[in-house]
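To start, the structure under review is shown below, and the notes come after it.
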Amino acid sequence: MAKEKIERKIAVIFATDVVGYSKHMEADESETIHNLRECEAMLTDLFEKHDGRLFNTGGDSFLAEFSSAVSAVECAVEFQNVIKKRNASGDTSIKLEFRIGINSGDVVKEKDNLLGDGVNIAARLEAMAQTNGITVSKVIYDYVKGKTKYNFNDLGIQKVKQNEFHAYDLLLEPSQKRTIKRERTYLKLLIYSACIVLFTVCGYFIFVSQSATKKASIETGSEAVVSSLPVILVYPFDDLSTSATKDDLSPAFTESLISSLSRYSRISVLSSSTSMDAKAKEAKDSFIKKMYNADYVVRGSIQTFSDQSRIQMQLSDLKLNKVVWTDKVDFSSNQIFEVQDSIGDKILTHLQINAVEGGEVKSWAAKYGTTERLTLFLNSRKEWFKFTPDGYKNHTDIVHLLEDQMGARNPALYNIKAWNLFLKRAVGLAPDLEKNGAEIIRLSNLDVAENQDVTAFNLRALAEFRLGSKDCDLSKEYARKAYGLGATVDTFIVSGTIWVECGDLKEGTQFFEKALRLQPNDSGWNLTKRLIPMYYVQGEYEKISGLVEPHLDALDIAPEMLAFYAFSTNEAGDSNKAKELLRRAKDLGISKVSLERVIRDPDKTIDFISKLSDIGGIE
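Counting from 1, position 564 in the sequence shown corresponds to residue 555 in this note's numbering; the numbering is continuous, with no gaps.
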């Protein structure tokens, strides 16, 4: 059969998304979605007005094609002005703000969608743009500089991964003029990439030598979160296959191998989101050692040939800076998720580790039975952690596919169905919260009764606490059972949530510290935002500074982090720096409501706001 001809063309690409969308969703999911739909309608009308075509959308992001660079720029300017006027009117409870990137380049047409470097660079320009700003490539600048009235600020050459491009800010007002470093752009894009990764399934890594306790990579003021366990990172395997499974097989297998290794209680395995973060950075071994404080890294490739597969892998000792072991495994393709335990055993055996049976991945493989269904399950978790209405839709589609293949009443699906309802609730799409909660409790009870695994007990613990009797003793009992079966990031987060809200702040803090230790990139700042108020309440202000300081250049840093850092800085005697930090937090939209959602106590929130009054305060 002749290959289908690839259709290429030059197009002007307009990319935009909402600044701080997750923050708005945390504050009020349903209102945020309502306001986003209104802004989307405005944007769509402007696309039509300026002869643009919306060709892709995902949650809070939109991609459009224009035939004219001038039209795209005029559309962007008009949209930012419309949004600014809307936010100033007082007619909306949620003030959404946007970034826009515009590029012209070669694209590939795939039905109604467009792909390729032309689109990728537009997305990178959008990620680089300021809040309420527009950033364009040099080719767009050259097209429009003599045809429009706008002024531009030259940002110079920017390099992100394999793409290098010259960027310009369109200055809607003089205050938008800035100098940008390459590293800031790169960090923003990597953090964005990290928001779309697989979920975290991680645990502890064994000892190889009886060396002294070492510091983790996350410093918390004058102290560090400490681990005496060697740390391993599984770098996402390269998929050399040419089959239809190519897009799904490698991340699914990498996730499974992480889970398989995490069953060993003396090993610290970095989470899959950290692995994907390393992949996005195209990280070398030296960087992995420095950034994640890893001792070992596993790299490899996977390739399928009809009904046969081959995995090649190597283990590098980062302290010795050399490969210490290599191996390859050939097997039938339908056994791909059965062999990762043996691969884990090979790795551990080489390190003179006494391997044992068990682990989450065996439980999953037993539940889902085939590679196809297990891959669907793993991809469903990736969609769940997007935490968006689109993620919920995709997650629901996978649930339905699994129901079609396994039967709607299959006990293996209790867990995925319950988490689907949790997500529906979280993104504001559950019309009857009482009915929704009752069904989650019912499914979590069935899951525990039938499956008795770490995911079942985590689900039951959280469901009981959030939606059931709020019996702390009972919720802790389920959490301990989960912890006993696998010390994963999910387990630490569930346990930390329950312990803190049951009044044991110190132990709850330790759970979140353990989670952050295993997921140091902390996509979306979720763990960091939980830890900082805990340090504040306990008077451990130096730890706040230690957590926030390394991230000050992050373009999407949470404003709540800046407010707490401003407080701790003022307490340390630097009022000028504290005022600047608080000003930045206010520019990013911090409010009493957002602080209350982070602190989780109205009285403590009021107390904290009052303590900010002498450095400028917040409304």
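Quick reminder that beta carbons are idealized off the backbone N, C-alpha and C, glycines included.
| message | On the DSSP bridge list, what partners appear for N567? | response | The residue you call residue 567 lines up with position 576 of the sequence shown. In the DSSP output, where bridge partners are listed per residue, N567 has none listed.
| request: Count the other CB atoms, across all protein chains shown, that sit within 10 Å of the CB of L543; report buried if there are 16 or more and exposed otherwise. | output: Taking the sequence shown and counting its residues from 1, the one referred to as residue 543 is at position 552. L543 should be labelled exposed.
| field | Residue nearest to N142 in terms of C-alpha spacing, selected from A554, D578, G124, L45 | value | Translated into the one-based positions of the sequence shown, residue 142 becomes position 151. With distances taken between Cα atoms, N142 lies closest to G124.
| message | I need the boundaries of the alpha helix (DSSP H) containing E468, first residue and last residue. | response | Looking up residue 468 in the sequence shown gives position 477. Here the alpha helix (DSSP H) through E468 covers 463 to 476.
| said: For A60, which residues in the same chain have their Cβ closer than 7 Å to its Cβ, ignoring the five residues on either side in sequence? | reply: Here residue 60 refers to the residue found at position 69 of the sequence shown. Closer than 7 Å at Cβ, skipping near neighbours: V3, S95, I131, Y134, V135.
| task | Please confirm if the segment 358 to 369 is in contact with the segment 384 to 396, defined as three or more CB-CB distances below 8 Å between the two stretches. | result | yes
| request: Give me the Cβ distance between D308 and V222, rounded to the nearest whole Å; I'm assuming they're in contact under 8 Å. | output: Here the question's residue 308 lines up with position 317 in the sequence shown. Here the question's residue 222 lines up with position 231 in the sequence shown. Between V222 and D308 the Cβ distance is about 12 Å, and since that is not below 8 Å, they are no contact.
| said: Please report the straight-line C-alpha distance between D444 and D462, rounded to a whole angstrom. | reply: What you label residue 444 is simply residue 453 of the sequence shown in a count that begins at 1. What you label residue 462 is simply residue 471 of the sequence shown in a count that begins at 1. Between D444 and D462, the C-alpha separation is close to 21 Å.
| task | Ignoring anything shorter than 4 residues or poking outside the segment 256 to 314, list the alpha helix (DSSP H) runs there in chain order. | result | 263 to 271, 276 to 283
| said: Please classify S91 as buried or exposed, where buried requires at least 16 other C-beta atoms within 10 Å of its C-beta. | reply: Walking along the sequence shown from the start, residue 91 turns up at place 100. The identity of residue 91 in the sequence shown is Ile, whereas the question assumes Ser. Buried, by the Cβ-count rule.
| query | Quick one: complete alpha helix (DSSP H) runs, 4+ long, within the segment 49 to 108? | reply | 60 to 80
| field | Within 8 Å, strictly: CB atoms of S128 and L116 | value | Start at 1 with the first residue of the sequence shown, and residue 128 comes out as number 137. Start at 1 with the first residue of the sequence shown, and residue 116 comes out as number 125. In contact: S128 and L116 (Cβ atoms closer than 8 Å).
| query | Within this structure, are the beta carbons of C66 and F156 separated by less than 8 Å? | reply | Position 75 of the sequence shown holds residue 66. Position 165 of the sequence shown holds residue 156. No, the Cβ-Cβ distance between C66 and F156 is not below 8 Å.
| request: Would you give the residue range spanned by the alpha helix (DSSP H) that D598 belongs to? | output: The residue given as residue 598 occupies position 607 in the sequence shown. From DSSP, the alpha helix (DSSP H) with D598 extends over 593 to 602.
| task | Using beta-carbon positions only, say whether A452 and A470 come within less than 8 Å of one another. | result | Position 461 of the sequence shown, counted from the start, is the residue given in the question as residue 452. Position 479 of the sequence shown, counted from the start, is the residue given in the question as residue 470. Against a cut-off of 8 Å, the Cβ pair of A470 and A452 comes out as a contact.
| task | Closer than 7 Å by C-beta to L458: which residues in its own chain qualify, once you throw out the five before and the five after it? Chain order, please. | result | Against the sequence shown, residue 458 aligns to sequence position 467. Answer for L458: G428, I431, I432, listed in chain order.
| Expressed to the nearest angstrom, what Euclidean distance is found between the alpha-carbon atoms of L34 and K75? | Residue 34 sits at position 43 when you count from the first residue of the sequence shown. Residue 75 sits at position 84 when you count from the first residue of the sequence shown. When rounded, the distance between both Cα atoms is 13 Å.
| query | Mind checking E610: buried by the 16 CB within 10 Å criterion, or exposed? | reply | On the sequence shown, position 619 is the one that residue 610 refers to. Classification for E610: exposed.
| G291 burial status per 10 Å Cβ neighbour count (16 or more: buried) | Along the sequence shown, one-based indexing puts residue 291 at 300. With 16 or more other Cβ atoms within 10 Å, it is buried.
| field | From G137, L414, F368, residue whose alpha carbon lies closest to that of G382 | value | As a working note, residue 382 is residue 391 in the sequence shown. The candidate whose alpha carbon is nearest that of G382 is L414.
| Which of the three DSSP states, helix, strand or coil, is assigned to C121? | As a first step, residue 121 is located in the sequence shown; it is residue number 130 there, counting from the start. Sequence check: residue 121 is Gln here, not Cys. Residue state, collapsed to three classes: coil.
| Stretch pair the segment 99 to 115 + the segment 72 to 86: three plus CB contacts closer than 8 Å | no
| query | Going by C-alpha distance, which of T23, A549, V9, F558 is nearest E533? | reply | Counting from 1 along the sequence shown, the entry for residue 533 is found at position 542. The shortest Cα separation from E533 among T23, A549, V9, F558 belongs to F558.
| Using DSSP with H/G/I as helix, E/B as strand and the rest coil, what is D495? | Here residue 495 refers to the residue found at position 504 when the sequence shown is read from its first residue. D495 falls in the coil class under three-state DSSP.
| message | Comparing C-alpha positions only, which one of P550, E468, I293 sits nearest to S232? | response | One-based indexing of the sequence shown puts residue 232 at position 241. It is I293 whose Cα lies nearest to the Cα of S232.
| request: For E610, name the three-state secondary structure that DSSP assigns. | output: Locating residue 610 in the sequence shown gives position 619, counting from the first residue. If DSSP states are grouped into helix, strand and coil, E610 belongs with coil.
| Buried or exposed: where does N567 fall if 16 or more other Cβ atoms within 10 Å of its Cβ makes it buried? | Counted from its first residue, the sequence shown places residue 567 at position 576. Burial call: exposed.
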